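Going by the UniProt record's numbering, the first residue of the sequence shown is number 1, and it counts up by one from there. In this text, a Cβ means the ideal position worked out from N, Cα and C, and glycines have one as well. Keep in mind it's a predicted model, so treat the numbers as computed, not measured.
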Amino acid sequence: MVRPDPAGAGLTTGALARRLGVSPTTLRSWDRRYGIGPAVRGEGRHRRWTPQDVAVLEAMCRLTSAGVPPAEAARTARSGSEVPEAVVAPDMTLPEAGRARSHAGGTLPLGDVRQECRGLARAAVRLDAPAVEQQLASAIRDHGLIVAWQEVMVPTLHAVGRKWASSGDRYVEVEHLLSWHVSSALRRHTRPLSAQATGPAPGPMLLACVPGEQHSLPLEALNAGLCERGLPTRMFGGAVPAEALSAAVTRIGPAAVVLWAQTRSAASVPLAQHIAGAQWGVRGARARTAVMLGGPGWLGRSGKGMLRPTGLRDALDQLSGLYAESPPGEPQ
(Lines of atoms letter the chains of each structure in order from A; the text may use other names.)
(Lines give C-alpha, C1' and ligand atoms only; values in the text may rest on other atoms or scores of the structure.)
Protein backbone atom coordinates (compact mmCIF):
# COMPACT_ATOMS: atom_id res chain seq x y z
CA MET A 1 0.00 0.00 0.00
CA VAL A 2 1.35 3.43 -0.97
CA ARG A 3 1.19 5.88 1.92
CA PRO A 4 0.58 9.59 1.46
CA ASP A 5 3.33 11.98 2.39
CA PRO A 6 3.71 13.15 6.00
CA ALA A 7 1.69 16.27 5.27
CA GLY A 8 -1.27 14.03 4.41
CA ALA A 9 -1.75 15.61 0.99
CA GLY A 10 -0.80 12.54 -1.05
CA LEU A 11 2.01 11.80 -3.47
CA THR A 12 3.32 14.23 -6.03
CA THR A 13 3.21 13.25 -9.67
CA GLY A 14 6.99 12.81 -9.79
CA ALA A 15 7.04 10.55 -6.74
CA LEU A 16 4.19 8.42 -8.07
CA ALA A 17 5.81 8.15 -11.50
CA ARG A 18 8.96 6.78 -9.89
CA ARG A 19 6.95 4.22 -7.91
CA LEU A 20 5.03 2.98 -10.93
CA GLY A 21 7.94 3.07 -13.37
CA VAL A 22 6.21 5.46 -15.78
CA SER A 23 6.97 9.02 -16.78
CA PRO A 24 5.16 12.03 -15.27
CA THR A 25 4.06 12.88 -18.81
CA THR A 26 2.27 9.53 -19.04
CA LEU A 27 0.37 10.19 -15.82
CA ARG A 28 -0.70 13.63 -17.03
CA SER A 29 -1.74 12.15 -20.37
CA TRP A 30 -3.87 9.48 -18.69
CA ASP A 31 -5.50 12.17 -16.57
CA ARG A 32 -6.25 14.35 -19.60
CA ARG A 33 -7.36 11.59 -22.00
CA TYR A 34 -9.04 9.02 -19.78
CA GLY A 35 -10.01 10.88 -16.63
CA ILE A 36 -7.66 8.93 -14.36
CA GLY A 37 -6.57 11.87 -12.28
CA PRO A 38 -5.86 12.68 -8.66
CA ALA A 39 -8.68 13.26 -6.19
CA VAL A 40 -6.72 16.09 -4.56
CA ARG A 41 -5.13 19.07 -6.27
CA GLY A 42 -2.98 21.41 -4.24
CA GLU A 43 -2.37 25.10 -4.65
CA GLY A 44 -1.61 26.08 -8.20
CA ARG A 45 -3.43 22.95 -9.46
CA HIS A 46 -0.53 20.72 -8.42
CA ARG A 47 -1.59 17.09 -8.47
CA ARG A 48 -1.61 15.05 -5.26
CA TRP A 49 -2.35 11.34 -5.52
CA THR A 50 -4.13 9.48 -2.71
CA PRO A 51 -3.83 5.72 -2.03
CA GLN A 52 -7.14 5.25 -3.85
CA ASP A 53 -5.75 7.07 -6.90
CA VAL A 54 -2.63 4.91 -6.79
CA ALA A 55 -4.71 1.71 -6.71
CA VAL A 56 -6.48 2.79 -9.92
CA LEU A 57 -3.19 3.60 -11.61
CA GLU A 58 -1.66 0.27 -10.55
CA ALA A 59 -4.60 -1.48 -12.22
CA MET A 60 -4.11 0.71 -15.30
CA CYS A 61 -0.45 -0.31 -15.49
CA ARG A 62 -1.25 -4.01 -15.10
CA LEU A 63 -3.86 -3.87 -17.86
CA THR A 64 -1.77 -1.93 -20.37
CA SER A 65 1.18 -4.22 -19.65
CA ALA A 66 -1.07 -7.15 -20.55
CA GLY A 67 -1.80 -5.52 -23.90
CA VAL A 68 -5.21 -3.99 -23.15
CA PRO A 69 -5.75 -0.74 -25.12
CA PRO A 70 -5.39 2.28 -22.81
CA ALA A 71 -9.00 3.51 -23.15
CA GLU A 72 -10.38 0.08 -22.26
CA ALA A 73 -7.84 -0.31 -19.46
CA ALA A 74 -8.87 3.05 -18.02
CA ARG A 75 -12.56 2.10 -17.96
CA THR A 76 -11.78 -1.18 -16.20
CA ALA A 77 -9.38 0.44 -13.72
CA ARG A 78 -11.86 3.18 -12.81
CA SER A 79 -14.68 0.67 -12.32
CA GLY A 80 -12.60 -1.35 -9.86
CA SER A 81 -13.72 -4.60 -11.49
CA GLU A 82 -11.50 -7.64 -11.76
CA VAL A 83 -9.39 -8.10 -14.86
CA PRO A 84 -10.97 -10.81 -17.03
CA GLU A 85 -8.82 -13.94 -17.18
CA ALA A 86 -9.09 -14.04 -20.97
CA VAL A 87 -7.51 -10.57 -21.16
CA VAL A 88 -4.47 -11.48 -19.05
CA ALA A 89 -3.95 -14.96 -20.47
CA PRO A 90 -5.72 -15.62 -23.79
CA ASP A 91 -6.70 -19.21 -24.57
CA MET A 92 -3.71 -20.69 -26.39
CA THR A 93 -5.54 -23.90 -27.26
CA LEU A 94 -7.21 -22.13 -30.20
CA PRO A 95 -5.81 -22.62 -33.70
CA GLU A 96 -3.53 -19.91 -35.02
CA ALA A 97 -6.26 -18.04 -36.89
CA GLY A 98 -8.44 -17.91 -33.79
CA ARG A 99 -5.89 -16.60 -31.33
CA ALA A 100 -6.55 -13.23 -29.76
CA ARG A 101 -4.86 -10.36 -31.55
CA SER A 102 -5.03 -6.66 -30.89
CA HIS A 103 -5.58 -4.01 -33.56
CA ALA A 104 -5.60 -1.09 -31.15
CA GLY A 105 -3.20 1.77 -31.62
CA GLY A 106 -0.13 2.02 -29.41
CA THR A 107 3.00 4.05 -28.89
CA LEU A 108 4.99 1.87 -31.28
CA PRO A 109 4.08 0.92 -34.89
CA LEU A 110 3.30 -2.74 -34.24
CA GLY A 111 0.58 -3.47 -36.81
CA ASP A 112 -1.48 -6.67 -36.53
CA VAL A 113 0.30 -8.62 -33.81
CA ARG A 114 -0.43 -10.71 -30.75
CA GLN A 115 -1.89 -8.89 -27.79
CA GLU A 116 1.25 -9.75 -25.79
CA CYS A 117 3.32 -7.58 -28.15
CA ARG A 118 1.23 -4.57 -27.22
CA GLY A 119 1.80 -5.10 -23.53
CA LEU A 120 5.50 -5.81 -23.97
CA ALA A 121 5.97 -2.68 -26.08
CA ARG A 122 4.16 -0.47 -23.58
CA ALA A 123 6.17 -1.87 -20.70
CA ALA A 124 9.41 -1.31 -22.63
CA VAL A 125 8.52 2.30 -23.51
CA ARG A 126 7.75 2.93 -19.82
CA LEU A 127 11.14 1.35 -18.99
CA ASP A 128 9.22 -0.95 -16.66
CA ALA A 129 11.86 -3.66 -16.33
CA PRO A 130 9.88 -5.94 -13.96
CA ALA A 131 6.91 -5.95 -16.33
CA VAL A 132 9.13 -6.62 -19.36
CA GLU A 133 10.80 -9.52 -17.57
CA GLN A 134 7.50 -11.00 -16.41
CA GLN A 135 5.92 -10.78 -19.85
CA LEU A 136 8.87 -12.39 -21.61
CA ALA A 137 8.87 -15.26 -19.11
CA SER A 138 5.11 -15.68 -19.54
CA ALA A 139 5.40 -15.70 -23.33
CA ILE A 140 7.96 -18.52 -23.28
CA ARG A 141 6.00 -20.46 -20.67
CA ASP A 142 2.61 -20.09 -22.38
CA HIS A 143 3.59 -20.39 -26.03
CA GLY A 144 6.92 -22.20 -26.09
CA LEU A 145 10.24 -20.81 -27.23
CA ILE A 146 9.63 -20.74 -30.99
CA VAL A 147 6.29 -18.91 -30.91
CA ALA A 148 7.47 -16.57 -28.15
CA TRP A 149 10.50 -15.62 -30.23
CA GLN A 150 8.82 -15.33 -33.63
CA GLU A 151 5.48 -13.82 -32.64
CA VAL A 152 6.20 -11.82 -29.47
CA MET A 153 9.87 -10.90 -29.15
CA VAL A 154 10.79 -10.25 -32.79
CA PRO A 155 7.79 -8.03 -33.71
CA THR A 156 8.33 -5.92 -30.59
CA LEU A 157 12.08 -5.61 -31.19
CA HIS A 158 11.44 -4.60 -34.80
CA ALA A 159 8.88 -1.99 -33.74
CA VAL A 160 11.30 -0.46 -31.24
CA GLY A 161 14.04 -0.45 -33.87
CA ARG A 162 11.79 1.30 -36.40
CA LYS A 163 10.76 3.90 -33.83
CA TRP A 164 14.38 4.55 -32.93
CA ALA A 165 15.41 4.84 -36.59
CA SER A 166 12.64 7.37 -37.28
CA SER A 167 13.12 9.41 -34.10
CA GLY A 168 16.81 10.23 -34.08
CA ASP A 169 18.37 9.32 -30.76
CA ARG A 170 15.02 8.90 -29.01
CA TYR A 171 14.00 5.44 -27.81
CA VAL A 172 17.54 4.07 -27.87
CA GLU A 173 17.20 3.41 -24.15
CA VAL A 174 14.01 1.45 -24.86
CA GLU A 175 15.79 -0.75 -27.40
CA HIS A 176 18.70 -1.37 -25.05
CA LEU A 177 16.46 -2.31 -22.15
CA LEU A 178 14.24 -4.58 -24.24
CA SER A 179 17.21 -6.30 -25.94
CA TRP A 180 18.91 -6.93 -22.62
CA HIS A 181 15.81 -8.51 -21.11
CA VAL A 182 15.13 -10.61 -24.22
CA SER A 183 18.70 -11.90 -24.01
CA SER A 184 18.26 -12.61 -20.30
CA ALA A 185 15.00 -14.48 -20.89
CA LEU A 186 16.58 -16.62 -23.61
CA ARG A 187 19.59 -17.44 -21.45
CA ARG A 188 17.39 -18.38 -18.51
CA HIS A 189 15.59 -20.79 -20.82
CA THR A 190 18.87 -22.34 -22.00
CA ARG A 191 19.66 -25.63 -20.29
CA PRO A 192 23.02 -25.76 -18.48
CA LEU A 193 25.83 -27.42 -20.40
CA SER A 194 25.97 -30.19 -17.81
CA ALA A 195 22.40 -31.13 -18.70
CA GLN A 196 23.02 -31.31 -22.44
CA ALA A 197 23.30 -34.59 -24.22
CA THR A 198 26.70 -36.25 -23.96
CA GLY A 199 28.11 -39.55 -25.17
CA PRO A 200 29.33 -40.67 -28.61
CA ALA A 201 28.02 -38.28 -31.23
CA PRO A 202 29.23 -35.69 -33.74
CA GLY A 203 30.68 -32.50 -32.34
CA PRO A 204 28.59 -29.64 -30.99
CA MET A 205 26.86 -26.93 -32.98
CA LEU A 206 29.01 -23.80 -33.23
CA LEU A 207 27.03 -20.54 -33.34
CA ALA A 208 28.74 -17.27 -34.26
CA CYS A 209 28.08 -13.87 -35.78
CA VAL A 210 30.36 -13.05 -38.70
CA PRO A 211 33.04 -10.38 -38.24
CA GLY A 212 31.50 -6.94 -37.87
CA GLU A 213 28.09 -8.29 -36.88
CA GLN A 214 26.90 -7.58 -33.33
CA HIS A 215 23.24 -8.68 -33.57
CA SER A 216 23.42 -11.94 -31.62
CA LEU A 217 19.84 -12.24 -30.30
CA PRO A 218 18.68 -14.57 -33.12
CA LEU A 219 21.63 -16.85 -32.35
CA GLU A 220 20.73 -16.77 -28.66
CA ALA A 221 17.21 -17.93 -29.57
CA LEU A 222 18.65 -20.72 -31.72
CA ASN A 223 21.06 -21.70 -28.96
CA ALA A 224 18.19 -21.93 -26.46
CA GLY A 225 16.17 -24.04 -28.90
CA LEU A 226 19.03 -26.46 -29.57
CA CYS A 227 19.70 -26.84 -25.85
CA GLU A 228 15.97 -27.42 -25.31
CA ARG A 229 16.29 -30.37 -27.71
CA GLY A 230 19.29 -31.68 -25.79
CA LEU A 231 21.87 -30.87 -28.47
CA PRO A 232 25.31 -29.58 -27.41
CA THR A 233 26.29 -26.10 -28.57
CA ARG A 234 29.14 -23.64 -28.44
CA MET A 235 27.81 -20.08 -28.48
CA PHE A 236 30.42 -17.50 -29.52
CA GLY A 237 28.17 -14.45 -29.83
CA GLY A 238 28.81 -11.29 -31.83
CA ALA A 239 31.56 -10.25 -34.23
CA VAL A 240 33.80 -13.33 -34.10
CA PRO A 241 37.08 -12.70 -35.99
CA ALA A 242 37.61 -14.97 -38.98
CA GLU A 243 40.88 -16.37 -37.62
CA ALA A 244 39.31 -17.22 -34.28
CA LEU A 245 36.35 -18.87 -35.97
CA SER A 246 38.60 -21.03 -38.16
CA ALA A 247 40.72 -22.04 -35.16
CA ALA A 248 37.63 -23.02 -33.16
CA VAL A 249 36.30 -25.16 -36.00
CA THR A 250 39.48 -27.22 -36.27
CA ARG A 251 39.79 -27.53 -32.47
CA ILE A 252 36.30 -28.80 -31.64
CA GLY A 253 35.18 -30.39 -34.92
CA PRO A 254 31.58 -29.14 -34.86
CA ALA A 255 28.71 -31.00 -36.49
CA ALA A 256 27.59 -27.66 -37.92
CA VAL A 257 28.59 -24.01 -37.90
CA VAL A 258 25.86 -21.37 -37.98
CA LEU A 259 27.03 -18.02 -39.34
CA TRP A 260 24.68 -15.11 -38.64
CA ALA A 261 24.72 -11.92 -40.73
CA GLN A 262 22.09 -9.24 -40.19
CA THR A 263 23.37 -6.97 -42.97
CA ARG A 264 24.51 -7.68 -46.50
CA SER A 265 27.78 -5.83 -45.93
CA ALA A 266 28.72 -8.24 -43.13
CA ALA A 267 27.87 -11.44 -44.99
CA SER A 268 31.10 -12.89 -46.38
CA VAL A 269 30.69 -15.77 -48.82
CA PRO A 270 34.48 -16.46 -48.92
CA LEU A 271 34.44 -16.88 -45.12
CA ALA A 272 31.51 -19.30 -45.31
CA GLN A 273 33.25 -21.26 -48.06
CA HIS A 274 36.45 -21.36 -46.04
CA ILE A 275 34.63 -22.77 -43.01
CA ALA A 276 32.80 -25.31 -45.16
CA GLY A 277 36.14 -26.48 -46.57
CA ALA A 278 37.92 -26.80 -43.22
CA GLN A 279 39.02 -30.36 -42.31
CA TRP A 280 40.21 -32.07 -39.16
CA GLY A 281 40.90 -35.57 -37.90
CA VAL A 282 43.48 -38.24 -38.70
CA ARG A 283 44.65 -38.90 -42.25
CA GLY A 284 42.20 -41.16 -44.05
CA ALA A 285 39.32 -40.13 -41.79
CA ARG A 286 39.14 -36.42 -42.35
CA ALA A 287 35.88 -34.71 -41.42
CA ARG A 288 34.16 -31.49 -42.47
CA THR A 289 31.41 -29.42 -40.94
CA ALA A 290 28.04 -28.43 -42.34
CA VAL A 291 27.55 -24.67 -42.63
CA MET A 292 24.24 -22.90 -42.04
CA LEU A 293 23.79 -19.32 -43.22
CA GLY A 294 21.37 -17.39 -41.03
CA GLY A 295 20.07 -13.85 -41.24
CA PRO A 296 18.85 -11.44 -43.93
CA GLY A 297 22.41 -10.50 -44.85
CA TRP A 298 22.77 -13.72 -46.83
CA LEU A 299 19.75 -13.09 -49.05
CA GLY A 300 20.81 -13.12 -52.68
CA ARG A 301 24.25 -14.43 -51.82
CA SER A 302 25.58 -17.69 -53.23
CA GLY A 303 25.75 -20.48 -50.70
CA LYS A 304 25.85 -23.68 -52.72
CA GLY A 305 25.76 -26.76 -50.52
CA MET A 306 25.06 -24.75 -47.36
CA LEU A 307 21.96 -24.88 -45.20
CA ARG A 308 19.57 -21.91 -45.59
CA PRO A 309 16.78 -22.01 -42.99
CA THR A 310 13.59 -20.01 -43.38
CA GLY A 311 13.11 -19.36 -39.67
CA LEU A 312 13.88 -20.57 -36.17
CA ARG A 313 11.79 -23.74 -36.36
CA ASP A 314 13.29 -24.68 -39.72
CA ALA A 315 16.82 -24.07 -38.42
CA LEU A 316 16.17 -26.28 -35.39
CA ASP A 317 14.69 -29.04 -37.51
CA GLN A 318 17.56 -28.98 -40.02
CA LEU A 319 20.25 -29.02 -37.36
CA SER A 320 18.49 -31.70 -35.31
CA GLY A 321 18.19 -33.89 -38.40
CA LEU A 322 21.81 -33.33 -39.33
CA TYR A 323 22.93 -34.32 -35.86
CA ALA A 324 20.76 -37.43 -35.76
CA GLU A 325 21.80 -38.66 -39.20
CA SER A 326 25.58 -38.50 -38.63
CA PRO A 327 26.91 -41.74 -37.07
CA PRO A 328 29.75 -41.26 -34.58
CA GLY A 329 33.14 -40.96 -36.25
CA GLU A 330 31.82 -40.92 -39.81
CA PRO A 331 33.53 -38.36 -42.04
CA GLN A 332 31.14 -35.72 -43.34
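Contact under 7 Å by Cβ, residue i with residue j
| i | j | result |
| --- | --- | --- |
| residue 225 | residue 316 | yes |
| residue 267 | residue 301 | yes |
| residue 210 | residue 261 | yes |
Reference residue i; option with closest CA among the options
| i | options | result |
| --- | --- | --- |
| residue 352 | 240, 24 and 122 | This structure does not reach residue 352, given that the chain is present from 1 up to 332, and the question cannot be answered. |
| residue 206 | 148, 183, 186 and 235 | 235 |
| residue 32 | 288, 47 and 20 | 47 |
| residue 116 | 126, 227, 310 and 63 | 63 |
| residue 276 | 126, 182, 250 and 149 | 250 |
| residue 230 | 320, 78, 246 and 18 | 320 |
Rounded C-alpha distance that separates residue i from residue j
| i | j | result |
| --- | --- | --- |
| residue 122 | residue 155 | 13 Å |
| residue 129 | residue 23 | 14 Å |
| residue 12 | residue 119 | 26 Å |
| residue 270 | residue 58 | 55 Å |
| residue 295 | residue 37 | 47 Å |
| residue 16 | residue 274 | 58 Å |
| residue 94 | residue 244 | In this predicted model, residue 94 has a pLDDT of only 27, less than 50, meaning its place in the structure is not dependable enough to derive any value. |
| residue 375 | residue 215 | Only positions 1 to 332 of the chain appear in the structure, and residue 375 is not among them; the question remains open. |
| residue 139 | residue 25 | 29 Å |
| residue 297 | residue 259 | 10 Å |
| residue 70 | residue 131 | 16 Å |
| residue 307 | residue 219 | 15 Å |
| residue 248 | residue 237 | 13 Å |
| residue 148 | residue 136 | 8 Å |
| residue 232 | residue 264 | 29 Å |
| residue 72 | residue 55 | 17 Å |
| residue 311 | residue 150 | 8 Å |
| residue 35 | residue 153 | 32 Å |
| residue 309 | residue 318 | 8 Å |
| residue 51 | residue 143 | 36 Å |
| residue 76 | residue 27 | 17 Å |
| residue 272 | residue 114 | 36 Å |
Beta-carbon separation (whole angstroms), residue i vs residue j, contact threshold 8 Å
| i | j | result |
| --- | --- | --- |
| residue 14 | residue 49 | Their Cβ separation, rounded to whole angstroms, is 11 Å, which puts residue 14 and residue 49 out of contact at 8 Å. |
| residue 303 | residue 293 | 5 Å |
| residue 161 | residue 173 | Actually they are not in contact, since the Cβ atoms of residue 161 and residue 173 sit about 13 Å apart, beyond 8 Å. |
| residue 322 | residue 221 | About 18 Å; that fails the 8 Å criterion. |
| residue 177 | residue 124 | 6 Å |
| residue 74 | residue 60 | 6 Å |
| residue 179 | residue 145 | Not really, about 17 Å apart at Cβ, beyond 8 Å. |
| residue 228 | residue 191 | 7 Å |
| residue 217 | residue 182 | 6 Å |
Task: Whole alpha helix (DSSP H) elements within the UniProt domain "HTH merR-type" (10-79), 4-residue minimum - done: 13-20, 24-34, 51-65 and 70-79
Open item on the list: Just to confirm the assignment: which complete beta strand (DSSP E) runs, minimum length 3, are found wholly within the region 264-315?
Closed with: 290-294
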